[in-house]
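Data first, discussion second: the structure below is written as structure tokens.
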Amino acid sequence: MFTTALLEKPQVHSSCTHAKGAQSAAAAKHFCGLACGIAFGIVMATVASSNVCGIVFAIKEQLPQAQQQQQQQDVPRTQQLLHAKRSGAAEGEGRSHVNNLGAPLLDVRNVPLRTRGRHIVDASNKRIKWACGNWHGLEQTMGVPGGLHLVHIDVLVVRIRNLGFNCIRLPVSVEYVLTDPSINNSAVSANPQLANITWRTMFRATVHAIAQAGLMVIIDRHMLWAGNNPSNVSMASGLWYANDISASDNVKALELLAEMTANESLVVGMEVINEPHDVFPGSWPDGGPDKPILINWGSKDPRHDLHVYSETAGNAVLAKNPNLLIIVDGLCAATTLDFVRDMPVRLSLPHRIVYSAHSYA
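Mapping to the numbering used here: the sequence shown position 302 is 506, numbers consecutive.
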């Protein structure tokens, strides 16, 4: 649910420092740095304009106690019966499976997704609601999704599906996309087939396993540098560049991600930056920036204008994979979208924009 502060028209379409309710630059800095990861309380707001489609995101809400008890009884049983390859979406059986505990899976015959008004729809114009879980790890120092030292990846993705989710959001870092380091074998000790590989191979294997389970994938450009979240590294990643990672480096990483997943039809969207926010001196690993960098929406300055960045990044991704939805976060760590009505993002292809607002309970 949105608060009044999120829905009010701001005084200016600029950084959090000028947002209503920020009593000082220090308070605004804290506000802009809220919540570096996505959690199950996130709301993606609906914003429609005359020629740009909006978004919808299904919130994974707290289940009633009786349903929680039923879930506890059912999940172990279904884990024994189901395997990732049982998914109709993965094998093209043409069935849209509905788990009694959660959201319908996407019929793989009905990709790609598009936006229509304030809704996301499949190729048959049926409304699709995302009920996503955030699987962190690829963006961290280990470079591996969490849990693979304990559970086989195919078993783990089926467990996620059996909990009622129909998609997984995968956070990544620009650094590891570009440098492709070797992963730490200790992080995949329950998955010997993933030993002695590099990050990009780990990323591809993760995406493929998720898709084989019939789950949609949303790629999230979460951080500039790999690091454990929450951390100072994550807080420093409010922009699309730094001293040692240029804006063009950042876009190149997005293009590589789009290319690597172009053949996975259940990769349905890419978030071109997670929770953009102002950055202050000393935030970056090298001690930069020298002075505060305050982002805005509409100044036309490519170092400060999130609107310019969103269009540049979105078009670069679509040039590599035109089937993706482009997810654009709002200012102030994705907490406001009121400026979009007057200045929407316009991409080279229509019906691709998903506007994202994050709200934490």
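For glycine and all other residues, C-beta sits at the position ideal for the given N, C-alpha and C.
Query, Result
"Exposed unless 16 or more other CB atoms sit within 10 angstroms - verdict on S452", "exposed"
"C-alpha distance - A394 paired with S328, whole-angstrom precision", "40 Å"
"Coarse secondary structure for N432, derived from DSSP in three states", "coil"
"Rounded C-alpha distance that separates D494 from M439", "16 Å"
"S552 classed as buried or exposed, judged by whether at least 16 other C-beta atoms fall within 10 angstroms", "exposed"
"Alpha-carbon to alpha-carbon, L541 and M547", "10 Å"
"Beta-carbon separation (whole angstroms), V411 vs I387, contact threshold 8 Å", "Actually they are not in contact, since the Cβ atoms of V411 and I387 sit about 15 Å apart, beyond 8 Å."
"Any 3 or more C-beta pairs closer than 8 Å across the stretch 413-431 and the stretch 467-477", "yes"
"Where A361 sits in the DSSP three-state scheme", "Before going further, note that residue 361 is Val rather than Ala in the sequence given. It is helical."
"As assigned by DSSP and simplified to three states, the class of G502", "coil"
"Given 8 Å, three or more beta-carbon pairs between the stretch 339-359 and the stretch 505-520", "no"
"7 Å CB neighbourhood of T345 in its chain, flanking five on each side removed", "A430, G431, N432"
"Among C336, E515, G486, N447, the one whose alpha carbon lies nearest that of A307", "C336"
"Assigned exposure category for N467 - 16 Cβ within 10 Å defines buried", "exposed"
"Buried or exposed (CB count within 10 angstroms, at least 16 for buried), D311", "buried"
"Pick from T516, A446, V544, H340 that is closest to P375, judged by C-alpha positions", "H340"
"Nearest candidate by alpha-carbon position, reference G442, set E459, L360, P385, P485", "P485"
"Start and end residues, alpha helix (DSSP H) containing V521", "510-524"
"Per DSSP, cross-strand counterpart(s) of G337", "I372"
"E459 in three-state terms, based on DSSP", "helix"
"L535 - partner residues in DSSP beta bridges", "T540"
"9 Å Cβ cutoff met for V544 and Y559", "yes"
"Reduced DSSP category for V471 - H, G, I as helix; E, B as strand; rest coil", "strand"
"Residues near E463 in its chain [Cβ-Cβ closer than 6 Å; skip 5 each side]", "K524"
"Cutoff 8 Å; reference H356; Cβ partners in own chain excluding five residues on either side", "A394, N395"
"CB of P385 within 9 Å of CB of N527, strictly", "no"
"Residue(s) in a DSSP beta bridge with L529", "G473"
"Contact check, L460 vs V381, beta carbons under 9 Å", "yes"
"Endpoints, alpha helix (DSSP H) assigned at T410", "403-416"
"Of the listed residues A391, D448, L535, G418, nearest to V361 (C-alpha basis)", "G418"
"Three-state secondary structure (DSSP) of S563", "coil"
"Where S452 sits in the DSSP three-state scheme", "helix"
"Integer Cβ distance of L342 from F407, believed to fall under 8 Å", "6 Å"
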